[in-house]
Structures are given as C-alpha cells and as structure tokens.
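Novice: There's a structure below that I have some questions on.
2 protein chains.
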Amino acid sequence: MVPLSPKRVSEKRFDFPGQLRKGAPMSAAARPSHSRDEIVRKLFDLFRHRGFEGAALSDISEATGLGRSSLYHHFPGGKDEMVSAVADFAHSQIEANILAPLAGDTPLAERVDAMLQTTSEMYDCGREPCLVASLMVSPGLAPESAGKVQAILKDWIAALAAALEGAGIPAAEAKRRATAAIIDIQGALLVARASADTGVFTGAMETARRNLLAPA
Amino acid sequence: MVPLSPKRVSEKRFDFPGQLRKGAPMSAAARPSHSRDEIVRKLFDLFRHRGFEGAALSDISEATGLGRSSLYHHFPGGKDEMVSAVADFAHSQIEANILAPLAGDTPLAERVDAMLQTTSEMYDCGREPCLVASLMVSPGLAPESAGKVQAILKDWIAALAAALEGAGIPAAEAKRRATAAIIDIQGALLVARASADTGVFTGAMETARRNLLAPA
DNA sequence: GCTTATGTACCGATCGTTCGGTTCAATACA
DNA sequence: TGTATTGAACCGAACGATCGGTACATAAGC
Numbered sequence: 559m560v561p562l563s564p565k566r567v568s569e570k571r572f573d574f575p576g577q578l579r580k581g582a583p584m585s586a587a588a589r590p591s592h593s594r595d596e597i598v599r600k601l602f603d604l605f606r607h608r609g610f611e612g613a614a615l616s617d618i619s620e621a622t623g624l625g626r627s628s629l630y631h632h633f634p635g636g637k638d639e640m641v642s643a644v645a646d647f648a649h650s651q652i653e654a655n656i657l658a659p660l661a662g663d664t665p666l667a668e669r670v671d672a673m674l675q676t677t678s679e680m681y682d683c684g685r686e687p688c689l690v691a692s693l694m695v696s697p698g699l700a701p702e703s704a705g706k707v708q709a710i711l712k713d714w715i716a717a718l719a720a721a722l723e724g725a726g727i728p729a730a731e732a733k734r735r736a737t738a739a740i741i742d743i744q745g746a747l748l749v750a751r752a753s754a755d756t757g758v759f760t761g762a763m764e765t766a767r768r769n770l771l772a773p774a
Numbered sequence: 559m560v561p562l563s564p565k566r567v568s569e570k571r572f573d574f575p576g577q578l579r580k581g582a583p584m585s586a587a588a589r590p591s592h593s594r595d596e597i598v599r600k601l602f603d604l605f606r607h608r609g610f611e612g613a614a615l616s617d618i619s620e621a622t623g624l625g626r627s628s629l630y631h632h633f634p635g636g637k638d639e640m641v642s643a644v645a646d647f648a649h650s651q652i653e654a655n656i657l658a659p660l661a662g663d664t665p666l667a668e669r670v671d672a673m674l675q676t677t678s679e680m681y682d683c684g685r686e687p688c689l690v691a692s693l694m695v696s697p698g699l700a701p702e703s704a705g706k707v708q709a710i711l712k713d714w715i716a717a718l719a720a721a722l723e724g725a726g727i728p729a730a731e732a733k734r735r736a737t738a739a740i741i742d743i744q745g746a747l748l749v750a751r752a753s754a755d756t757g758v759f760t761g762a763m764e765t766a767r768r769n770l771l772a773p774a
C-alpha cells in the first residue's frame, strides 16, 4: 500500500495550486502584490479542501493574506463571486492543460497518456481532492456557480469522447468510454482518500487508460 | 438520457431513508414520540445532502421536528454526536443490507446482483448522494467521525473482496476487483449528479457487475 | 490628484450551545 | 386509592462566538 501522507515528491510541471501550507507566515517584506490570479489559485486550494460552507471568510483571509476589505475589493460579490471565479479558473486550467492537448494530431495513445499524466499531477496522485466533488456537496452554492462546476465534468467527458471519436471509435462507444474514464478518476479520488492509499488512484488511472485505448 | 428529476418510481424494499420531504407538516395530534432511530434516519438524509457544515442546527431542528434543546437531550455531544450516530447508522445499514448478503452460499452472481440492487436502491439510481462522499469534504468533522466514515468504504471493499475470494478468485485480484467496483459506484454517483442523468449510474452498475463476475 | 489597494472597526444575522421551565407518564408511598 | 415524586421528552429564549458583508480613513503608485 502506498500511503497518502508522504508528501509530494515529484516536481509539478503544471500550475495547479498544491496543498495548503499550514504555517506559511508570509513574510511582510515579501511585497504582497496580490494579483487576482494568485488570489484565485489560493481560493481554489481552499475551496477544494474545505468546500463552500467549510471555507469561512476568516479562513480565506488567512489563506490569501488579504484583509476582508481587500477581498471585497477584488470580489465585490463576496464568497459567491469568489467561488465563481474559482470555478472559471478550474475550468480554464483543465481546458488548457488537459482538454486542449487531447485535440492534437499525435497518436491517440499519446494524447490520452498526456491527459492522464496531467490529471495525476492535478490531483497529486489522489492526495488532493477535486474541486468539483467538494463543491457538489455545498447546498449554499449559487445556482450559477453550481452550473459552472457541473459543466467542468461535462466538458471533460465531451472533449474526451471527441478525441476518441476522432480516432475512429463510434460516437456512442466513445461517449461510453469517456464517461467511464471520468467515473474512474472521480471514484478513485474518493476511495484513495478514504483508504489513504495513492496506489488506489494510480491503479485506477491505469485501468482508465486500458479501457480508453482498448481495441474496438 | 435519463434525467434525474422525475422522482423515484420504484418502491423501496429496504429501509434507507429517502430524499428530504419538503412540506411534511407533522400533525401535532400524532404524538411525536420520536425514537432515536427515527431521528437518526432524518439526520442521515440531511447530512448526506448537505454535508456537515452545510447542515445547520436550525435545518436539523426543522427536518426532525425537534426543538434545539430536544436535540441536545438525545445527543448531548451536539452535532459531533449526531454525525457520529449517523455514521454508525449508515455503517450498520450497509452491513446488514449489503455486506451480510454477500457472505451467503448462493452462487456468486446472485450475491453480487443482490448487492448491486440494494446499492442502487440506497442511492436511488444516482439521485441520492452518498453520505461518505458528502462527509469526506467536511473539515470540521471530529477525527473519530471521520474515521468511522472512511471505515464504511474500507469495510465495503473488504467484504466484497472476501466474497470474490470465497468464489475462487485469488486474493490480490479479488481486492483489485472489489476496489474497482466501489470506485465505479462512487464515481458514478458524482458524474450522474453532475450530468443529471441516472443512466450514467445504471450503466456504471452494469459495468461493475461485468468486471466483478468476469472469468478469471 | 486620482485610482487602486489595504487596515480597522463595525454591522446585523446566524452559528452551535446552554438555560430555565413545562408536560406527562410511570413509580413510590400514604 | 389518592397523592407526592421522579425523570424522560420537549420547548423557546438567550448566550457568546463567528458568520458574511460594509463603511471609512489611510496609504501607495501613477
């Protein structure tokens, strides 16, 4: 069994925010100069770990190093706007790092491998929770944000199905395989964290690859 | 596509609480006399839909029909004790309705089918969220309760693996298949709700059955 | 000076929890 | 039998803390 705890060894090649740094005093001399993008990345981390109602404004303030007024300067709409921005960020990140490479013209296996590799990094082999899964629980989410969150998964499935279809797999079967792969990833994330075993996640990724690339 | 919204048609044969009934006036003449079991079932419903921090005491009071102090009469430990009781309830329900039948001596296929059927009812074909998934997000969960929640999934996998092993499948392969089946179920729950399509769930259940019963 | 950014202080609402008190059936005692 | 006594179940009011959000004055950067 590969325990979850020994933290990330591999360097991340993509720019998904990582796990919450606990202490991280944030030296005052270090020129805050908070760009909206930096803030959103930290919010992404917070919301994926704590969900919507679990992330209090005081937590957000602490995590970003910004006071309440600064937060409301950047996000006049309050928490709703923050989580909406985070959903947009996550969607664009997945779009750019995971879905766009799927649309290339290299062999399908290469593109699928790239997707699974980036996915694995995004979730740190199952150590990091999925924003979509965390936000799907939140009853207080604004409908607009809830729609955005659901759209992430739907787009992922659609892009994956399109790639398979482009490689000659019939539309219905492509959709079936794509859905199964996303199910595999999401289920593995939950089970890996529940059993504190990254092996569960990596194993599921191999299964997903095998099913996606199976002969017609 | 099979939309999520048209509510449950099939009658439930087992005693998993269903979805939240909205109005439910609770006639005052009907001698409440809430048994602890009745209360816990309603709490189960609430926590699986709203998560831990998403279920406020006012929600709990409304859902159970009990005043705040009555709730503290039954659960002196407050919300922590409530969610702990709900975890115990869910574990015992799964144990009795899903895991115990797995240990019978009928053909494996029959037992697996029974498990999948009961599972399907528990989640109402993907319309109802999983308590485990909902509570895994909650940062405020007492460690004891978090452990109980994780144990539910682990026990499920272990029981399923044991059944497969008892049917002649090598231990390692049995564990692999059992884990994959739970991953499938949990992933399907998320994806089905995100795409509002129960077909995703039922399709995943068929996949799980096929993989579990595949020839060695 | 004007805009952007931030800190301090504060708001009403709601959080989980506790308190004082009522109802009512069962029990003990006369 | 009639009458205290008990204790479980229940309630709404109110607690201190924290929630999300606002107002305003002060800087910093152009």
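Those sequence lines, one after another, are chains A and B. Our numbering puts the first residue of the first sequence at 559, with every later residue one more than the last. Our numbering puts the first residue of the second sequence at 559, with every later residue one more than the last. The beta carbon of each residue, even a glycine, is placed where N, CA and C say it ideally should be.
Alpha carbon to alpha carbon, how far is isoleucine 710 of chain A from serine 628 of chain B?
Specialist: The sequence position of residue 710 of chain A within the first sequence is 152, counting from 1. The sequence position of residue 628 of chain B within the second sequence is 70, counting from 1. Answer to the nearest angstrom: the Cα atoms are 43 Å apart.
Novice: Can isoleucine 618 of chain B and methionine 640 of chain B be called in contact, C-beta distance under 9 Å?
Specialist: Counting from one through the second sequence, the residue named residue 618 of chain B turns up at place 60. Counting from one through the second sequence, the residue named residue 640 of chain B turns up at place 82. Contact: yes.
Novice: Would you mind stating whether phenylalanine 602 of chain A and valine 670 of chain A have Cβ atoms separated by less than 9 Å?
Specialist: The residue labelled residue 602 of chain A in the question sits at position 44 within the first sequence. The residue labelled residue 670 of chain A in the question sits at position 112 within the first sequence. Cβ atoms of phenylalanine 602 of chain A and valine 670 of chain A: not closer than 9 Å.
Novice: Using the rule of at least 16 other Cβ atoms within 10 Å of the residue's Cβ for burial, across every protein chain shown, is aspartate 755 of chain B buried or exposed?
Specialist: On the second sequence, position 197 is the one that residue 755 of chain B refers to. Aspartate 755 of chain B should be labelled buried.
Novice: Taking Cβ positions only, does glutamate 653 of chain B come closer than 9 Å to chain A?
Specialist: Counting from one through the second sequence, the residue named residue 653 of chain B turns up at place 95. For glutamate 653 of chain B, the answer is no, since every Cβ of chain A falls outside 9 Å of its Cβ.
Novice: Are the CB atoms of arginine 735 of chain A and isoleucine 727 of chain A nearer to each other than 9 Å?
Specialist: Within the first sequence, numbered from 1, the residue matching residue 735 of chain A stands at position 177. Within the first sequence, numbered from 1, the residue matching residue 727 of chain A stands at position 169. It is a contact, given that the beta carbons lie within the stated cut-off.
Novice: In the structure shown, what three-state DSSP assignment does aspartate 755 of chain B receive?
Specialist: Stepping through the second sequence from its first residue, residue 755 of chain B is reached at position 197. Here aspartate 755 of chain B sits in strand by DSSP.
Novice: Check whether the Cβ atoms of alanine 621 of chain B and lysine 600 of chain B lie closer than 9 Å to each other.
Specialist: Sequence index remark: in the second sequence, residue 621 of chain B carries index 63 (1-based). Sequence index remark: in the second sequence, residue 600 of chain B carries index 42 (1-based). The answer is yes: Cβ separation under 9 Å.
Novice: Along the chain, where does the alpha helix (DSSP H) containing proline 701 of chain A start, and where does it finish?
Specialist: The residue you call residue 701 of chain A lines up with position 143 of the first sequence. Element bounds for proline 701 of chain A: 701-724.
Novice: Quick one, which of B/Leu699, B/Asp682, B/Ile741 and B/Pro697 has its alpha-carbon nearest tryptophan 714 of chain B's?
Specialist: Numbered from 1 along the second sequence, position 156 holds the residue referred to as residue 714 of chain B. Ranking B/Leu699, B/Asp682, B/Ile741 and B/Pro697 by Cα distance to tryptophan 714 of chain B puts B/Ile741 first.
Novice: Could you say which of A/Ala719, A/Met694 and A/Ala654 lies nearest to leucine 666 of chain A if we only look at CA atoms?
Specialist: Residue mapping note: residue 666 of chain A aligns to position 108 of the first sequence, counting from 1. Nearest C-alpha to leucine 666 of chain A: A/Ala719.
Novice: On a Cα-Cα basis, can you pick out the residue from B/Ala613, B/His649, B/Leu624 and B/Gly705 that is closest to alanine 717 of chain B?
Specialist: Here residue 717 of chain B refers to the residue found at position 159 when the second sequence is read from its first residue. Taking only the C-alpha atoms, the option nearest alanine 717 of chain B is B/His649.
Novice: Taking Cβ to Cβ, would you say leucine 748 of chain A is nearer than 9 Å to methionine 680 of chain B?
Specialist: Taking the first sequence and counting its residues from 1, one reaches residue 748 of chain A at position 190. Taking the second sequence and counting its residues from 1, one reaches residue 680 of chain B at position 122. Result no, Cβ atoms of leucine 748 of chain A and methionine 680 of chain B do not sit closer than 9 Å.
Novice: Under DSSP, the alpha helix (DSSP H) around alanine 667 of chain A begins and ends at which residues?
Specialist: As a working mapping, residue 667 of chain A is identified with position 109 in the first sequence. Alanine 667 of chain A -> alpha helix (DSSP H) spans 666-680.
Novice: Closer than 9 Å, CB to CB, is serine 696 of chain B near chain A or not?
Specialist: For the purposes of this step, residue 696 of chain B is taken as residue 138 along the second sequence, with counting starting at 1. Serine 696 of chain B counts as touching chain A.
Novice: Measuring only between beta-carbons, confirm whether threonine 756 of chain B sits less than 9 Å from chain A.
Specialist: Counting from 1 along the second sequence, the entry for residue 756 of chain B is found at position 198. Not one chain A Cβ lies under 9 Å of threonine 756 of chain B.
Novice: With a floor of 4 residues, list each alpha helix (DSSP H) that falls wholly inside the region 589-636 of chain A, ordered by position along the chain.
Specialist: Runs found: 594-608, 615-622 and 626-632.
Novice: What is the DSSP secondary structure of proline 687 of chain B, counted as helix, strand or coil?
Specialist: By one-based count along the second sequence, residue 687 of chain B stands at place 129. Coil.
Novice: Take valine 598 of chain A as the anchor and find which of A/His607, A/Asp646, A/Ala691 and A/Phe759 has the nearest alpha-carbon.
Specialist: In the first sequence, counting from the first residue as 1, residue 598 of chain A sits at position 40. Minimum Cα distance to valine 598 of chain A is reached at A/Asp646.
Novice: Is the beta carbon of threonine 737 of chain A sitting closer than 9 Å to the one on alanine 738 of chain B?
Specialist: Counted from its first residue, the first sequence places residue 737 of chain A at position 179. Counted from its first residue, the second sequence places residue 738 of chain B at position 180. Cβ distance not < 9 Å, so threonine 737 of chain A and alanine 738 of chain B don't count as in contact.
Novice: Does the beta carbon of aspartate 742 of chain A come closer than 9 Å to any beta carbon on chain B?
Specialist: For the purposes of this step, residue 742 of chain A is taken as residue 184 along the first sequence, with counting starting at 1. Output row for aspartate 742 of chain A: interface = yes.
Novice: Hey, does histidine 607 of chain A have any beta-carbon neighbour from chain B nearer than 9 Å?
Specialist: In the first sequence, residue 607 of chain A corresponds to position 49, counting from 1. Judged by the 9 Å Cβ criterion, histidine 607 of chain A is in contact with chain B.
Novice: Quick check: the Cα distance between proline 682 of chain B and glycine 662 of chain A, rounded to an integer number of angstroms?
Specialist: Your numbering for residue 682 of chain B matches position 124 in the second sequence. Your numbering for residue 662 of chain A matches position 104 in the first sequence. Before going further, note that residue 682 of chain B is aspartate rather than proline in the sequence given. Spanning the two alpha carbons is a distance of roughly 39 Å.
Novice: Our contact map puts proline 701 of chain A next to histidine 607 of chain B with C-beta atoms below 8 Å; I'd like the distance itself, whole angstroms only.
Specialist: To locate residue 701 of chain A, count along the first sequence from 1; it is residue 143. To locate residue 607 of chain B, count along the second sequence from 1; it is residue 49. Contact doesn't hold; Cβ gap of about 16 Å is too wide.
Novice: Comparing C-alpha positions only, which one of A/Ala774, A/Gly635, A/Ser692 and A/Gly705 sits nearest to alanine 725 of chain A?
Specialist: Position 167 of the first sequence, counted from the start, is the residue given in the question as residue 725 of chain A. When only C-alpha atoms are compared, the closest one is A/Ala774.
Novice: If you drop the 5 nearest sequence neighbours on each side, which residues of the same chain put their C-beta closer than 6 Å to that of glycine 745 of chain B?
Specialist: Start at 1 with the first residue of the second sequence, and residue 745 of chain B comes out as number 187. Correct list: empty, nothing qualifies.
Novice: CB-CB under 8 Å to lysine 712 of chain A, same chain, minus the five flanking residues each way: which ones, in chain order?
Specialist: In the first sequence, residue 712 of chain A corresponds to position 154, counting from 1. None.
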